[in-house]
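Adding 11 to a residue's 1-based position in the sequence shown gives its number in my numbering. Just so it is clear, CB atoms sit at the ideal spot from N, CA and C, and this is done for glycine as well. Everything below concerns the one structure shown next.
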Amino acid sequence: QVQLVESGGGLVLAGGSLRLSCAASGITFRIYAMGWYRQAPGKQRELVAAISSGGSTNYAESVKGRFTISRDNAKKTVYLEMNSLKPEDTAVYYCNANLRTDYWGKGTLVTVSS
12 QVQLVESGGG LVLAGGSLRL SCAASGITFR IYAMGWYRQA PGKQRELVAA ISSGGSTNYA
72 ESVKGRFTIS RDNAKKTVYL EMNSLKPEDT AVYYCNANLR TDYWGKGTLV TVSS
């Protein structure tokens, strides 16, 4: 059974930082592309950052220079380091694993207060 479990969300003041983690089980983690998506109230889910099995990364324009995605294949974990957080970053953040099928975590809430 595939499980993606996010952690690290919470309430932070604007300008602050958070580090999200996503622990995977039930998949051969190292061969999967991993990503972080977010969904704000009333909005569609959007890609925040992704990292390929080979370590290539891409980011949404709105988070470039502020967020960093990384992975630890030995720990089967993907991270999202978020700095200089803004109120508009407030959303539920979801972990995604993709090979030929998409798997999703249940999400972790990030709230950025001004």
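CA-CA distance, residue i and residue j?
| i | j | result |
| --- | --- | --- |
| residue 60 | residue 78 | 8 angstroms |
| residue 7 | residue 86 | In the structure as shown, the chain starts at 12 and stops at 125, and residue 7 therefore has no counterpart that could be examined. |
| residue 98 | residue 17 | 21 angstroms |
| residue 55 | residue 107 | 15 angstroms |
| residue 36 | residue 14 | 5 angstroms |
| residue 26 | residue 53 | 24 angstroms |
Taking the alpha carbon of residue i as the point to measure from, which residue in the options has its own alpha carbon closest?
| i | options | result |
| --- | --- | --- |
| residue 21 | 96, 110, 42, 111 | 96 |
| residue 68 | 90, 50, 113, 49 | 90 |
| residue 81 | 33, 24, 114, 53 | 33 |
Answer yes or no: do residue i and residue j have a C-beta to C-beta separation smaller than 8 angstroms?
| i | j | result |
| --- | --- | --- |
| residue 119 | residue 46 | no |
| residue 110 | residue 48 | no |
| residue 101 | residue 123 | yes |
| residue 121 | residue 105 | no |
I think residue i touches residue j, with their Cβ atoms under 8 angstroms apart; what is that distance to the nearest whole Å?
| i | j | result |
| --- | --- | --- |
| residue 93 | residue 24 | Contact doesn't hold; Cβ gap of about 13 angstroms is too wide. |
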